[in-house]
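Worksheet: the structure to be examined is printed underneath.
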Amino acid sequence: MTFHWVGLLITDYDLPESKSLKQSKKSIESNLGHGPANSIVKNHPLKRRQVQSFDEQIPTAISIVPERKNAFEDQSKLLRRSNDLLLHSSTESLLEMLKAYSGLKECDESTVAHISAILHELYVRVKDSKGSWRGAVLGALYGLVEASSSKILLLVASIVLAMNVSGSNLTGACKLVFKIARNENNDNLFMDSDVPELLVDGLGRASPIDDSEACIYGYGAVRFLTGSSNASSITATSNGTEVGDCGLQRSLAVRLAKQGLCQLMVLHLKMINEIASTTQLSGSPLHALFQLSGALRTLAGNRSIVGSRVCQLSDHKLETNHLSHKEDEDQDIAQLEQAVPLLVRAAEMCIKEPEVQANIIRTLSVLSERAECCERLAVAASRLGILLGSITQTSQTVEKGLATCNRLGYILGNVMSRWDTARIQFYCCDVSCDALLATLEYYANKSFTMKNQMGDSIVQVLTKLIRIVANMCVNGDVGYGMSKRSPLGEILLNILLKVKDAKTTELEELLFATLGALHNLSYYYEPSDSEGTGPMHPGSIGERMKDICGTLCVILNSDQNPARSEVARVLGNMTRNASIRQTFCEENGMKILKRCLTSKHDELMVTSCGVLVNMLGDWSSRVPFREIDGPIILRRLLQKGVDNRDWIMAGIACQAIWNYLIDTSDMLTTLGQTEIDLICEALAEGLDEDSLFGGKEPDNFWEDFAPVATDLLERLQICMSNGNSPCESSDEDIG
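FYI, in the numbering used here the residues of the sequence shown are 66 to 800.
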């Protein structure tokens, strides 16, 4: 009888894109859209601005045309007292009032209130206007673009966008919205305006190729707004009575998505990919792709677009709202799914633009957390593997490639943990497998202390890459094939040697990931492979298994190592191989097992007993086992399992005792009468169903334990009743 542990999925708990924009407030000043295009990040830093101190503001006198100042001064005072009078003013008069403030920079609250009232009235009049007033309105608004008031600037932008402008006017409006959106304290202004919807409509009139600057600033603003956690409460009314604050909570992200932002992003991605398929992207279109992918990332990471709350109104209203919201949610998810293959293609075409490619891959890493999108990524798994191999070749330094490799590893780890088709597809693509192993070997040979400015480290990347291997090998065919692949065994052994005495949390995670990969690889490795006559692949798991076994024994013998249970699981698989059992004995394995079996950690005791089950299958291991009081240790383990109703522990102890007695000719000498009696007593107690469960249904663990224990008890009783003669069932296996 042999013992092994089944393949395990390795879960990646690292969420690299979980931070909101609010947690990333470092202000980087640059002139967007100007200067050289050699650095996307430097030229386009979508960083929210901190509220600046008043000391940083330069006082500037209100600049009003002198000849008009006196003419409108009295009228302005009158209008401040009653803004209702604006309703009776002609549009021409409103524009003249605005022109009086041309060049305005600093202004007090009353001035802001007055200008805002004029702009509100003007917005109502010119919305959707296409007549002769458009030029005059734009001319009057142009004089306000240097105002320090975000409220005024947002109203100016709303009027411009409401007139369905395009070209340079649209670009100017997007710049204003971006300027205001950078400051998170302005989010409430957006909540109380139509600008989110108008911005989406405006971007819908722009081409990321021909109007790329508008898209740069527009999607830059979208990124800030979708990252906002603010929400507005729409108070519902019924028969003129307010229901209260339990109205629909609509975040800015929800409003943007409802306006068709997801569909628009997909369309723009298609347009960019179509051009990039024939022409190398550069300049503003490349910048537009950078900002578009960033905006899509924050939108996908904002869970409110698939989880708005519905207020409990009437049953009819509740049902209607729920159905409407469900339709919107399904549509948004469908659009996000469509974006996945487009982003993968964009990443492939930006192979010579590492900063843009890294930004796209960051977006894909967020999308991979959604099950629907992860399924679409599974189709492209092998292509992502090829991308992984290109990073180390195109990155100027080791540090610059870390962030992208870290996120690609995260994506592929998520995909491999969920989709068996992706495991097979990736394994069957030799280019992808070679790229994965080459990248793994590349970083395994670097200093484990190396990291970049963003905190991505060599250790993190290795952990992600090894989890890909571990999750791929959940599939039997893939696991078997990978166990023969060079130089995977050499790589994992070298990593194991470096992290066996892990001192930090990161190194511990790498150790556990490595053990997880070895666990799955050894589970599907055929024990007879290394004993055959054919040559083994240099550096494969099979070729380096003895050395790996020796290193695992060192870890298992370290009392303070938290990975001992995982090590025992791996050895439980590896010791199915006769040559590895011999190596284990040469490494003083039986004495190490005694320490584990007498420890205070139940999990370690159980997993170590799994190794012992395999070891006791060899006659040569039984004498050393008896010399270290092995039978007594197993009887105590059995008794502990029965006493604690731990049927897994009790069951595996039974299996070990069975193998220990498998071909004995003298049971009294092998066990001793006292131990036989105590074992039989423990087995009888563990099989007393009425006493244990009182007529209730036994649990599944006991159901697994019962037949193993019954066979062992019958064997002991039969052998003793036959005068301690050899048992005819000695060649049978149980379990």
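Ideal Cβ placement from N, Cα and C applies to all residues, glycine included.
CB-CB length for residue i against residue j, believed under 8 Å
{"i": "Ile533", "j": "Leu501", "result": "6 Å"}
{"i": "Ser369", "j": "Val431", "result": "Contact flag wrong, Cβ pair sits at about 15 Å."}
{"i": "Arg646", "j": "Asn679", "result": "7 Å"}
{"i": "Gly554", "j": "Tyr589", "result": "Between Tyr589 and Gly554 the Cβ distance is about 14 Å, and since that is not below 8 Å, they are no contact."}
{"i": "Ala749", "j": "Leu703", "result": "With a Cβ gap of about 12 Å, Ala749 and Leu703 do not count as contacting."}
{"i": "Ala238", "j": "Arg288", "result": "About 17 Å separates the two Cβ atoms, so there is no contact after all."}
{"i": "Val707", "j": "Ala747", "result": "5 Å"}
{"i": "Ser497", "j": "Gly546", "result": "Going by Cβ atoms, the distance from Ser497 to Gly546 rounds to 13 Å, so no, they are not a contact pair."}
{"i": "Ser548", "j": "Asn479", "result": "23 Å between Cβ atoms; not a contact."}
{"i": "Ala201", "j": "Leu160", "result": "6 Å"}
{"i": "Ala633", "j": "Val676", "result": "6 Å"}
{"i": "Arg270", "j": "Ser231", "result": "5 Å"}
{"i": "Leu184", "j": "Ile224", "result": "6 Å"}
{"i": "Met519", "j": "Phe491", "result": "That pair is no contact at about 27 Å."}
{"i": "Glu652", "j": "Cys618", "result": "4 Å"}
{"i": "Leu452", "j": "Ala412", "result": "6 Å"}
Distance between residue j and residue i (C-alpha atoms, nearest Å)
{"i": "Thr528", "j": "Ala365", "result": "25 Å"}
{"i": "Val671", "j": "Ser786", "result": "31 Å"}
{"i": "Pro603", "j": "Pro552", "result": "7 Å"}
{"i": "Leu557", "j": "Cys438", "result": "31 Å"}
{"i": "Cys745", "j": "Cys719", "result": "11 Å"}
{"i": "Ser630", "j": "Ser673", "result": "7 Å"}
{"i": "Ser587", "j": "Thr616", "result": "15 Å"}
{"i": "Met414", "j": "Ile337", "result": "10 Å"}
{"i": "Asp495", "j": "Tyr725", "result": "45 Å"}
{"i": "Asp683", "j": "Val444", "result": "47 Å"}
{"i": "Ile783", "j": "Met732", "result": "11 Å"}
{"i": "Ser605", "j": "Thr462", "result": "29 Å"}
{"i": "Trp712", "j": "Thr663", "result": "18 Å"}
{"i": "Leu473", "j": "Thr428", "result": "10 Å"}
{"i": "Ser522", "j": "Ala509", "result": "12 Å"}
{"i": "Gly168", "j": "Trp198", "result": "21 Å"}
{"i": "Lys761", "j": "Asp755", "result": "8 Å"}
{"i": "Gly541", "j": "Phe758", "result": "38 Å"}
{"i": "Tyr207", "j": "Ala165", "result": "12 Å"}
{"i": "Glu262", "j": "Leu321", "result": "6 Å"}
{"i": "Val635", "j": "Ala487", "result": "25 Å"}
{"i": "Asp728", "j": "Arg710", "result": "30 Å"}
{"i": "Thr514", "j": "Tyr475", "result": "20 Å"}
{"i": "Leu561", "j": "Ala535", "result": "15 Å"}
{"i": "Arg448", "j": "Ser482", "result": "17 Å"}
Beta-carbon proximity list for residue i, same chain, < 7 Å, skipping 5 on both sides
{"i": "Ala628", "result": "Leu576, Phe577, Leu580 and Ile620"}
{"i": "Ser460", "result": "Pro419 and Gly466"}
{"i": "Leu781", "result": "Ile741, Ile744 and Cys745"}
{"i": "Lys659", "result": "Ile693 and Ile698"}
{"i": "Ala222", "result": "Ala238, Leu241, Val242 and Val260"}
{"i": "Arg687", "result": "Leu681 and Tyr725"}
{"i": "Ser272", "result": "Met336"}
Cutoff 8 Å; reference residue i; Cβ partners in own chain excluding five residues on either side
{"i": "Met218", "result": "Residue 218 is actually Leu in this sequence, not Met. Closer than 8 Å at Cβ, skipping near neighbours: Leu209, Val210, Ala212, Leu241, Lys244 and Ile245."}
{"i": "Thr236", "result": "Asp276, Glu278, Ala279 and Tyr282"}
{"i": "Leu408", "result": "Leu334, Ser358, Leu361, Ile425, Thr428, Leu429 and Leu432"}
{"i": "Leu405", "result": "According to the sequence shown, residue 405 is Val rather than Leu. Same-chain partners within the cutoff: Leu429, Leu432, Cys438, Arg441, Leu442 and Ala445."}
Per-residue burial, residue i [other beta carbons within 10 Å of its own, 16 or more giving buried]
{"i": "Asp276", "result": "buried"}
{"i": "Glu174", "result": "exposed"}
{"i": "Pro350", "result": "buried"}
{"i": "His666", "result": "exposed"}
{"i": "Thr291", "result": "buried"}
{"i": "Thr648", "result": "buried"}
{"i": "Leu226", "result": "buried"}
{"i": "Asn367", "result": "buried"}
{"i": "Gly348", "result": "exposed"}
Neighbourhood of residue i by C-beta, 6 Å cutoff - its chain only, sequence neighbours within 5 removed
{"i": "Ala436", "result": "none"}
{"i": "Pro696", "result": "Leu736 and Glu740"}
{"i": "Asp594", "result": "Confidence at Asp594 is low in this model, with a pLDDT of 49, below 50, so its placement is unreliable and the value that follows should be read with caution. The residues are Gly607."}
{"i": "Thr156", "result": "Arg190"}
{"i": "Leu505", "result": "Leu530 and Ile556"}
{"i": "Cys493", "result": "none"}
- [ ] Identify every run of the beta strand (DSSP E) within the region 503 to 560, keeping only runs that are complete inside it and at least 3 residues long; order them along the chain.
- [x] none
Open item on the list: Quick check for students: name the residue ranges of the alpha helix (DSSP H) that lie wholly in the region 414 to 498, counting only runs of 4 or more.
Closed with: 419 to 432, 436 to 444, 446 to 459, 463 to 483 and 485 to 493
Open item on the list: Which complete alpha helix (DSSP H) runs does the region 625 to 681 hold, if anything under 4 residues is left out?
Closed with: 629 to 639, 643 to 651, 654 to 662 and 667 to 680
Open item on the list: Quick check for students: name the residue ranges of the alpha helix (DSSP H) that lie wholly in the region 171 to 239, counting only runs of 4 or more.
Closed with: 174 to 191, 198 to 207 and 215 to 227
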